[in-house]
Every structure is written in structure tokens, then in C-alpha cells.
Amino acid sequence: MSTVLTAPLPVHDADPFGHDILENPLPFHEELREAGPVVHLSRYDVYAMARYGQVHAALRNWQGFQSAAGVGLSNFRTEKPWRPPSLLLEADPPRHDAPRRVLAGLLVPRALRRLREHWRAVADDLVDRVLERGTEFDAVPELAEAYPLRVFPDAVGIPDEGRENLLPYGDFLFNAFGPHNDLVAAGAPRAPELSAWVNAQCARDVLADGGFGAQIWAAADRGDITPEQAPLVVRSLLSAGVDTTVHGLAAALHALATHPEQWRRLRSQPQLARVAFDEAVRWGAPVQTFFRTATTDVQVADVVIPGGRKILMFLGAANRDPRRWRTPTHPDPDTFDLTRDPSGHVGFGFGIHQCVGQHVARLEAECLLTALARRVETIEIAGPTRRHHNNTLWAWGSLPVRVRPA
Ligand code: OVP
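Residues in the sequence shown are numbered consecutively from 172, following this note's numbering.
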């Protein structure tokens, strides 16, 4: 007989999806990290990991921590999901692999090169138009939302009509990974209508030639995925590709507007735009959390997580864990610093499910941040900022800024 030594499991009774913590999760993240490598969240009777080492290891271990039972609080084995599961996010090998391979091929840097020149021109034009209207504006709707909403749906190949549905759909989708709280209830009335619209955009005849959507259907023609899988893969692009980049860009704009020395650094070295974006995804993690489900009993540090149990992975907390990020040159993980090497952050996840769209996000950020850095000498917060609460996203509702044109 073998014996496993288990320590008493630390407990936290806070609600991670309550408005206080959604407004500012950082003090709670520190408490979770300090409580232990695995913590029980008594409010939902689930496990949690907030330290970098455990989050990173668990995200690599897809066999032990599955995604196929859903990456939200509800378990697909016992509760019917609100929409058919994603073939990427909510699947594991082998079912996950063909859809993943198809999307990964479309979204690798060399495949995105054809977009760069146009995406740069769109960013330059957008920033010019915003600055023509004045030097004070809300950076959330005017830049962080306007830019991805222009370039990304065009690249997928969906029509202009109805694009205003994308953000409300994403907001509900990302809320739905959490508990059935007030945020989910507020979005529920429109969910069927928004979902029907998104599903309709995934049909072959709706998608423009040459776009990502048409290329997904072409992969089905080649037999790389089935014709039944194609619309669900298109749905993943429309689900995962908008709110994430909007709030990643908003995090970067907020970070730069509140760190003038970092803005100066970016202006003098525009090639830092990509580092600035990754540092913003580390520091301001737009996707804060995803659940996994223990496939069997899994030991983590000195705790055994029983098979079938949900574990909440705190990506944003891991991204600021001093155990990983306190280094001789950069002792404080809570500083936003372009001289830091942010690689290894888990803001895009890690392992087989790591964000397949991360190169798209970085290209959008590079285009928008360099367009802004070329035209704007200083950027500062000009009024009260407002968070937008969501069960999964750390989002901005409003970022009033004042700029001095260069
Ligand atoms: C951040 C993500 C998020 C929401 C939906 C999907 C993926 C999907 O595949 O549908 S990854």
C-alpha cells in the first residue's frame, strides 16, 4: 500500500466573481498565492491555483486537467452547456487536434504577413481621424474597440451588417464561464439572438473569399477537418478574437497612459510595441481565469485533487507571482516595465491550448501602438476611468485620455 502525505487544504471564502474582486482582483490574488499552492474556494466548492509554478504545470498537463468537461464553472458531464462546445477551447486530444492544426496554420506569423501593410494603414487612418476630432477622447471605444472591430471581422470575412453584435456576444460568452450570477442574468435575454447571429456568420456562403472563414471551409474541402466542424471553427474565431484583443489593447493603453516614462521609451524605440503589448497582457491579463477539470485524482504539491473536481486557474495572479517574476533586475512584478522580459507569462495560457490567435493579437497591437506612438508625444488619463465587470475578462469600460500630438 502506498501512502500520499496530504496537508490540510487552505480555504478562501471570497467570491472571485463578486463585484469587489472584479473591480480590483490584485489583493485577493496575493491572498490566494500566499495561502498555498492549491486553495479551496468554499463559496463554489472548487479548487484554485494562483502561483505561477502550479498554474504553468497544470496548463501543461492536459491529461490530468482536462478542458473537455468545460473551462467554466459548470461541468458539461452534469449540466448541458449553453451552446455546443468549442472544438478548440472545450476539447482535448484527439478531438482537439485537427481543428487546432487548421487554425494554427492560418494564424502563424508567416500567414499573417499579407495583412500587415493593410492593418498598418487602417491603424494610421484610425489614429489620424481620432486626433482630427480633438486631443481628449475615450480610448476604449475610439481605439481599443474601434481597431479590432474594423480589421478582425474583415480578416475573417464576415459582412459589415450586425458587427455590433460581436462585443455583446463575447461579453455574454466570457460571463458564462463563471457562475450564474447577476452578470450572466443581465446578458441572458439577448444570448439566443446574439448566438443565432454569430452562428449564421459561420456559414460558407456568408464568408468572403480569401478570409480566415473561407480558408477554414477550404480546409474542410481538403479533408483536414469535416464539413460539420468548419462552422464551429469559424465560431471560435468570432468568439475568442474580439473581446480579448479589445481588452488587451485597452490594458496596454491604460498601462502606457499611466506610465509616462514607458510611453517615452516606446516612442524612442517603436520596435518595443510588441514587448509593450506582452507586458500589458502579463500585467493587465485581459483573460483572468479559466477552469480545468481533474480527469482522475491528481496530486499538486502536497494536495490531492479528486477526479471530477473543478480547478480555477488564476492566469493574472500567476503573471504577478514574485516566485517567478522577482528577479535581480526587476524585483517588483507589479510594475509595468518595457525593460522586463515578459515571455513566459500565462496571459495567453500555456501548453496545447495556448492562445492560437496570439500572433493576430500581437500584430493588431503592433499596428495600433506604433501608429499612436508616431503621432502622440504624451498620453495621460484625463478623467475618471471605469472598469467593465465580466466573470472572465479584466476589462475597461472607459479610459478618458488627453494626448499632446507630436
Ligand atoms: C480565450 C476562447 C474564448 C471563448 C471562446 C472560444 C475560445 C471558442 O473556441 O469558442 S479562448
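For glycine and all other residues, C-beta sits at the position ideal for the given N, C-alpha and C.
May I ask you to report which of helix, strand or coil DSSP gives residue i?
| i | result |
| --- | --- |
| ALA262 | coil |
| GLN237 | strand |
| TYR218 | strand |
| GLY568 | strand |
| ARG558 | strand |
| PRO181 | coil |
| GLU551 | strand |
| VAL527 | coil |
| LEU118 | The first residue shown for the chain is 172 and the last is 577, placing residue 118 beyond what the model contains. |
| ASP309 | strand |
| HIS501 | coil |
| ASP541 | One detail in the question is off: residue 541 reads as Thr in this sequence, not Asp. Helix, per DSSP. |
| MET172 | Bear in mind that the predicted position of MET172 carries a pLDDT of just 47, short of 50, making it unreliable; the figure below should be weighed with that in mind. Three-state DSSP puts MET172 in coil, outside helix and strand. |
| PHE462 | strand |
| GLN470 | strand |
| PRO330 | coil |
| ARG248 | coil |
| ARG287 | helix |
| HIS211 | strand |
| ILE192 | helix |
| ILE396 | coil |
| PHE507 | coil |
| PRO256 | coil |
| ARG480 | coil |
| PHE521 | coil |
Do you know how far the Cα of residue j is from the Cα of residue i?
| i | j | result |
| --- | --- | --- |
| PRO339 | LEU365 | 8 Å |
| PRO504 | LEU427 | 16 Å |
| ALA229 | ILE476 | 12 Å |
| ARG480 | ALA219 | 11 Å |
| ILE192 | ARG393 | 47 Å |
| PHE343 | ARG438 | 37 Å |
| ASP395 | ALA401 | 10 Å |
| PHE521 | PRO499 | 25 Å |
| GLY243 | GLU303 | 43 Å |
| ASP186 | ALA275 | 36 Å |
| ILE482 | LEU258 | 21 Å |
| GLY349 | GLN440 | 40 Å |
| THR556 | ASP468 | 44 Å |
| TRP290 | GLN442 | 16 Å |
| GLY341 | ILE552 | 27 Å |
| GLY382 | ARG361 | 28 Å |
| MET484 | PHE462 | 6 Å |
| GLU579 | VAL405 | Here the chain comprises residues numbered 172 to 577, so residue 579 is not present and cannot be evaluated. |
| LYS251 | SER213 | 24 Å |
| ASP268 | TRP496 | 32 Å |
Let me make sure I understand the geometry here. Which of the options has the alpha-carbon closest to that of residue i?
| i | options | result |
| --- | --- | --- |
| GLU332 | PHE461, ASP342 and LEU320 | LEU320 |
| ASN370 | ILE550, GLY381, ALA385 and SER407 | SER407 |
| ASP414 | ALA294, LEU286, VAL311 and GLU551 | VAL311 |
| ALA566 | PRO457, VAL446 and PRO198 | PRO457 |
| PRO265 | GLU535, CYS538 and ILE523 | ILE523 |
| ALA206 | ASP186, PRO181, VAL226 and GLU288 | PRO181 |
| ALA542 | ARG271, GLN470, ASP216 and VAL298 | VAL298 |
| LEU486 | ARG272, HIS183 and PRO196 | PRO196 |
| GLU578 | HIS351, LEU409 and ALA465 | Because residue 578 is not part of the residues shown, which for the chain are 172 to 577, the question remains open. |
| PHE236 | THR464, ASN562, LEU534 and ALA362 | THR464 |
| ALA474 | ARG445, PHE345 and GLN225 | Contrary to the premise, residue 474 reads as Val rather than Ala in this sequence. When only C-alpha atoms are compared, the closest one is GLN225. |
| GLU450 | ALA472, ALA356, ARG497 and HIS516 | HIS516 |
| VAL327 | GLY341, ALA357, THR506 and VAL377 | VAL377 |
| ALA544 | ARG497, GLN470 and ARG445 | ARG445 |
| VAL322 | ASP380, GLN525 and ALA292 | ALA292 |
| ASP216 | PHE199, HIS183 and GLU202 | HIS183 |
| PRO330 | PRO360, SER245, ALA374 and GLU288 | ALA374 |
| ARG272 | SER514, ALA391 and ARG497 | ALA391 |
At least one CB of chain C closer than 7 Å to the CB of residue i: is that the case?
| i | result |
| --- | --- |
| ALA357 | The chain labelled as chain C is not found in the depicted structure, where only one protein chain is given. |
Less than 6 Å between C-beta atoms, sequence neighbours within five positions excluded: which residues of the same chain meet that for residue i?
| i | result |
| --- | --- |
| ALA239 | ALA262 and ASP263 |
| PRO145 | The question about residue 145 has no answer here: the residues shown for the chain are numbered 172 through 577. |
Taking 6 Å as the line, does the beta carbon of residue i fall inside it for any heavy atom of ligand 3?
| i | result |
| --- | --- |
| ALA371 | Although ligand 3 was asked about, the structure shown includes only ligand 1 as ligands. |
By Cβ distance, which residues of its chain are closer than 7 Å to residue i, with the 5 residues on each side in sequence left out?
| i | result |
| --- | --- |
| ARG222 | ARG204, PRO208, ALA489, ASP492 and ARG494 |
| GLY528 | LEU278, ALA411 and GLY412 |
| GLN234 | THR466 |
| ILE550 | LEU427, ALA428, TRP434, VAL572 and VAL574 |
| ALA347 | GLY243, TRP253 and VAL355 |
| ARG287 | LEU534 |
| ARG231 | PHE521 and GLY522 |
Excluding sequence positions up to five away, which residues of its chain have a Cβ less than 8 Å from the Cβ of residue i?
| i | result |
| --- | --- |
| ALA315 | VAL417, HIS418, LEU420, ALA421, LEU424, TRP567 and LEU570 |
| HIS560 | HIS190, LEU193, GLU194, LEU354 and ALA566 |
| ALA447 | ALA423, ALA426, LEU427, GLN433, LEU437, LEU509, ALA536 and LEU540 |
| MET172 | The predicted position of MET172 is uncertain, since its pLDDT is 47 and thus under 50; a value taken from the coordinates is nonetheless stated next. Hits under 8 Å: none found. |
(request) Would you check if the region 265–283 and the region 370–390 touch, i.e. whether three or more CB-CB distances between them fall below 8 Å? (result) yes
(message) Does the structure place the region 293–309 close enough to the region 567–574 that three or more beta carbon pairs sit under 8 Å?
(response) yes
(request) Check whether the region 427–436 touches the region 456–474, taking contact to mean three or more Cβ pairs, one atom from each stretch, closer than 8 Å. (result) no
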